[in-house]
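Trainee: Pasting a structure below so you can have a look.
Number of protein chains: 2
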Amino acid sequence: MWQLYQFPLCPFSRKLRLLMGEKNIAYELVREHPWEGRDEFWHLNPAGRTPVLHDAGRGVSLSDSQAICEFLEETVERNPMINGSALQRAEIRRLVALFDENLYADVSGPLLHERMKKRLVLRQPPDSRVLREAMKNAHAHLDYIDWLVDTRQWLAGPTLGLADLACAAQLSVADYLGGIDWKGHEQTRHWYSVMKSRPSFRPLLSEKMEGLPPPPHYALVDA
Amino acid sequence: MWQLYQFPLCPFSRKLRLLMGEKNIAYELVREHPWEGRDEFWHLNPAGRTPVLHDAGRGVSLSDSQAICEFLEETVERNPMINGSALQRAEIRRLVALFDENLYADVSGPLLHERMKKRLVLRQPPDSRVLREAMKNAHAHLDYIDWLVDTRQWLAGPTLGLADLACAAQLSVADYLGGIDWKGHEQTRHWYSVMKSRPSFRPLLSEKMEGLPPPPHYALVDA
Ligand SMILES: N[C@@H](CCC(=O)N[C@@H](CS)C(=O)NCC(=O)O)C(=O)O
Ligand SMILES: N[C@@H](CCC(=O)N[C@@H](CS)C(=O)NCC(=O)O)C(=O)O
């Protein structure tokens, strides 16, 4: 059985959990706080980052969420999420990188640092200038996602795919941390409520990071 | 014909050029400085980053170096660089992410900022504290690469693959910027000189960023 090393607010672990949910792949969760730098964890992943997907029985340890997603796509054929022609697959991967790298660097990453890590680990107050900047950046990203929703059925094309999962993963973490102002982004809000209502999303919405409650609207599908 | 938008010291463009070289895919270079934020360039890639691979004739514009590498692997079968079993492919992609993300964030990215961008764009002196830190980080990465070279034929396994190209791309940029002290890293130094002697590497070694000459050993295959 796969064991997934993660913590509830790691957006890359969320992307992977959504993929495993959509593909019906069983796994159990192992709680890991990468900032604690446990030796055993560095041994599993020399980059010291979550997520890690581990199968002790087979002695297999995979890391980097995108490498793991590609592996699962190659080995579990049902419900493909990097699908279509080579050009469509390139479009899915372009958007996954945009969300994993830019949306994370501009929005969910700074929110995690200011509102989770400073509160739970560093015991420091958040920097309100950084928070304001992240929430401003969120609007620019949401404008682009609105445009994707307006022009396509799903973010990368005609079918639900990994780009939708990657985007929902980052946005859900930012939303948990109170960093998303949905006003003026009806298209993305609607797409996101469809995503939240998928069975693959349910387990994520009910989990909490101790000492850090989400805002009331976070887990509501129609909010 | 493919047009590759890049500048000589972009490590992600270098990774892609090495792949296209190994696969014998023809392209022409278009010089792009992403920090100038040209409207036409943002139109090709809403993330505003190099590399972008563009085919005006077919109206195709691809971005994110890894998405482009996956596309070329899927569409051009000769000389596969993401090769082997699903597990071997996962190992190649894990290492590509380690080099593209961690080696870049710890070493080549800070060197590019301090020694290229500050000199050519911001007209500021480099921060010697940041440079020292990057060069210290380089040793830790080189230790890990030494270990890979010691235990495998190529970085990710028995055949030359995208992990080798990604690593050589980042290291070559750091080396151009005088950030690599090869002493004590004989294994990596030897592997890198093998990489430098490949025909795919030649065009990179002879190119220069104006106003920023590389150190004398940079283009020597046996240095
Ligand atoms: N590209 C990597 C990113 C992984 C990542 O950045 N994970 C964060 C947690 S969200 C981490 O472990 N950071 C190290 C730390 O917090 O010490 C992936 O997709 O797996
Ligand atoms: N993950 C991206 C990273 C691309 C990237 O960061 N490119 C840099 C140049 S090396 C860039 O364009 N940065 C934006 C800027 O300098 O304004 C890829 O692999 O293509």
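Heads up: the sequence lines are chains E and Y, in that order.
To convert, note that position 49 of the first sequence is 48 in numbering that gives the first Met the number 0; the numbers rise steadily by one, no gaps.
To convert, note that position 213 of the second sequence is 212 in numbering that gives the first Met the number 0; the numbers rise steadily by one, no gaps.
Each residue gets a CB set at the ideal place from its N, CA and C atoms; glycine is no exception.
Run through the DSSP bridge pairs and tell me what Val120 (chain Y) is partnered with.
Mentor: Val120 (chain Y) is not bridged to any residue.
Trainee: Is Thr49 (chain E) close to chain Y, meaning its C-beta is less than 7 Å from at least one C-beta of that chain?
Mentor: no
Trainee: Restricting to Cα atoms, I'd like to know which of Y:His216, Y:Leu203, Y:Pro213 and Y:Asp221 is closest to Phe6 (chain Y).
Mentor: Y:Leu203
Trainee: Given a cut-off of 7 Å on the beta-carbon distance, is the pair Leu97 (chain Y) and Leu176 (chain Y) in contact?
Mentor: no
Trainee: Any beta-carbon of chain E closer than 7 Å to the one on Asn101 (chain Y)?
Mentor: yes
Trainee: Between the region 1-21 of chain E and the region 29-36 of chain E, can you find at least three pairs of beta-carbon atoms closer than 8 Å?
Mentor: yes
Trainee: Name the chain Y residues that come within less than 8 Å of Thr74 (chain E), Cβ to Cβ?
Mentor: Ala85
Trainee: DSSP three-state label for Trp190 (chain E), please.
Mentor: helix
Trainee: Can you determine whether any heavy atom of ligand 1 sits closer than 6 Å to the C-beta of Ser64 (chain E), and answer yes or no?
Mentor: yes
Trainee: Please tell me whether Leu97 (chain Y) has its Cβ less than 7 Å away from any Cβ of chain E.
Mentor: Chain E, which has a Cβ nearer than 7 Å to the Cβ of Leu97 (chain Y), makes this yes.
Trainee: Using a Cβ-Cβ cut-off of 7 Å, state whether Ser192 (chain Y) counts as contacting chain E.
Mentor: Not an interface residue.
Trainee: Hey, out of E:Ala155, E:Ser205, E:Arg197 and E:Lys182, whose CA is closest to Ala85 (chain E)'s CA?
Mentor: Out of E:Ala155, E:Ser205, E:Arg197 and E:Lys182, E:Ala155 has the C-alpha closest to the C-alpha of Ala85 (chain E).
Trainee: Which same chain residues end up closer than 8 Å to Phe40 (chain Y) when comparing Cβ atoms and leaving out the 5 residues on each side of it in sequence?
Mentor: The beta carbon of Phe40 (chain Y) sits closer than 8 Å to those of Tyr4, Glu31, Pro33, Gly47 and Val51, all from its chain and outside the five residues before and after it, given in chain order.
Trainee: How long is the line joining the alpha carbons of Ser196 (chain Y) and Gly36 (chain Y), rounded to whole angstroms?
Mentor: 35 Å
Trainee: Check each residue of the region 142-154 of chain Y: if its Cβ is closer than 8 Å to any Cβ of chain E, include it; give the result in chain order.
Mentor: Residues of the region 142-154 of chain Y that bring their beta carbon within less than 8 Å of a beta carbon in chain E comprise Tyr143, in sequence order.
Trainee: Would you say the region 199-214 of chain E touches the region 139-158 of chain Y, given that touching needs at least three Cβ pairs under 8 Å?
Mentor: no
Trainee: Between Met134 (chain E) and Leu8 (chain E), is the Cβ-Cβ spacing less than 7 Å?
Mentor: no
Trainee: Rank E:Ala66, E:Leu141, E:Ile81 and E:Asn101 by C-alpha distance to the C-alpha of Gln87 (chain Y) and give the top, closest one.
Mentor: Distances from the CA of Gln87 (chain Y) to each of E:Ala66, E:Leu141, E:Ile81 and E:Asn101 were compared; the closest alpha carbon is that of E:Ala66.
Trainee: Residues of chain Y with a CB under 7 Å from the CB of Gln169 (chain E): which are they?
Mentor: By Cβ distance, chain Y contributes nothing, its closest Cβ being about 14 Å from Gln169 (chain E), past 7 Å.
Trainee: Mind checking if Ala55 (chain E) is an interface residue toward chain Y, Cβ cutoff 7 Å exclusive?
Mentor: Residue contact check for Ala55 (chain E) against chain Y: no CB pair falls below 7 Å.
Trainee: Please list, in chain order, the chain Y residues whose beta carbon lies closer than 9 Å to that of Arg92 (chain E).
Mentor: Asp63, Gln65, Ala66, Ile67, Glu69 and Phe70
Trainee: Over what stretch of residues does the beta strand (DSSP E) that includes Glu27 (chain Y) continue unbroken?
Mentor: Unbroken beta strand (DSSP E) run through Glu27 (chain Y): Tyr26 to Arg30.
Trainee: Could you list which residues in chain Y have their beta carbon closer than 7 Å to that of Val129 (chain E), in chain order?
Mentor: Result: empty, since nearest Cβ-Cβ is about 18 Å, beyond 7 Å.
Trainee: Spell out whether any CB of chain E is found under 7 Å from the CB atom of Ala133 (chain Y).
Mentor: no
Trainee: What residue does the alpha helix (DSSP H) around Gln169 (chain E) start on, and which one ends it?
Mentor: Leu161 to Tyr175
Trainee: Go through the region 38-117 of chain Y residue by residue and report every complete run of the beta strand (DSSP E) that reaches 3 residues or more, in order.
Mentor: 51-54 and 59-62
Trainee: In three-state DSSP terms, what is Trp146 (chain E)?
Mentor: helix
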